[in-house]
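In the working numbering, the protein residues as written are 510 to 674.
Cβ atoms here follow ideal geometry from the backbone N, Cα and C, with glycine treated the same way.
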Ligand code: SME
């Protein structure tokens with residue numbers, strides 16, 4: 510396994526995603542454990558982009574429960590009909606919020622969070638088993654570039670990872 514990920518620190522975000530994607534695919538393909546892969550993906554995204562908070566919420570029963578993350582302390586449980594995470598889970602679609610103060614029901618784990626992107630993760634049966642949540646301390650920090658890059662990265666996880674193996 511590679512001990513580090515290489516990326517161009519001064520490059521634009523699209524370039525960095527293009528550099529990261531094959532390295533993350535290789536990283537994940539060598540490990541089948543879901544939690545191990547989520548932990549490394551959170552670490553890589555935090556290091557490469559310097560996001561304020563990067564983490565996963567996983568479906569457990571009728572809630573989303575905090576999983577591996579990088580960043581400050583976060584809320585642990587989110588109902589399916591709550592917040593940006595619940596919205597992405599329920600609608601099964603990536604949700605970009607340019608200004609969290611304008612999103613009805615946004616759950617403020619930190620007042621420093623200004624914009625957010627949440628991407629659902631699908632299992633082999635097509636069911637959402639969790640979401641990736643990324644928060645920025647800047648307004649309007651996420652675009653289609655992030656959506657495309659992150660959805661691609663998550664597709665590797667959905668393909669290879671299983672719980673508890
Ligand atoms: N803001 C999220 C809650 C999770 S924290 O941002 C880490 C939401 O509204 O779902």
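614 is the residue among 580, 530, 614 whose C-alpha sits nearest the C-alpha of residue 587.
The beta carbon of residue 637 lies closer than 8 Å to those of 568, 598, 601, 629, 630, 631 in the same chain, with the five residues before and after it left out. By the Cβ test, the region 569 to 579 is in contact with the region 535 to 553, since at least three Cβ pairs between them sit closer than 8 Å. For residue 573, the uninterrupted beta strand (DSSP E) segment begins and ends at 572 to 579. Separation of residue 596 and residue 539 (C-alpha to C-alpha, rounded to the nearest whole angstrom) is 32 Å. The C-beta distance from residue 554 to residue 666 rounds to 12 Å, too long to fall under 8 Å, and the pair is not in contact. By the CB criterion at 7 Å, residue 514 and residue 662 fall outside the cutoff. One alpha carbon belongs to residue 571, the other to residue 511, and they sit about 37 Å apart. The alpha-carbon separation between residue 543 and residue 565 amounts to approximately 11 Å. Closest option to residue 559, judged by alpha-carbon separation, among 536, 658, 652, 647: 647. Excluding five sequence positions before and after residue 626, the CB atoms of its chain that fall closer than 6 Å to its own CB belong to 605, 643, 651, 655, given in chain order. In chain order, 562, 564, 575, 618 place their CB closer than 7 Å to the CB of residue 583, counting only its own chain and leaving out the 5 sequence neighbours on each side. Counting other Cβ atoms within 10 Å of its Cβ, residue 592 reaches 16 or more and is therefore classed as buried. Between the C-alpha atoms of residue 649 and residue 531 there is a straight-line separation of about 27 Å.
If you look at residue 647, you'll find it isn't in any beta strand (DSSP E); DSSP assigns it neither H nor E. If you check the C-beta of residue 571 against ligand 1, you find no heavy atom less than 6 Å away.
Under the three-state reduction of DSSP, residue 601 is assigned to coil, being neither helix nor strand.
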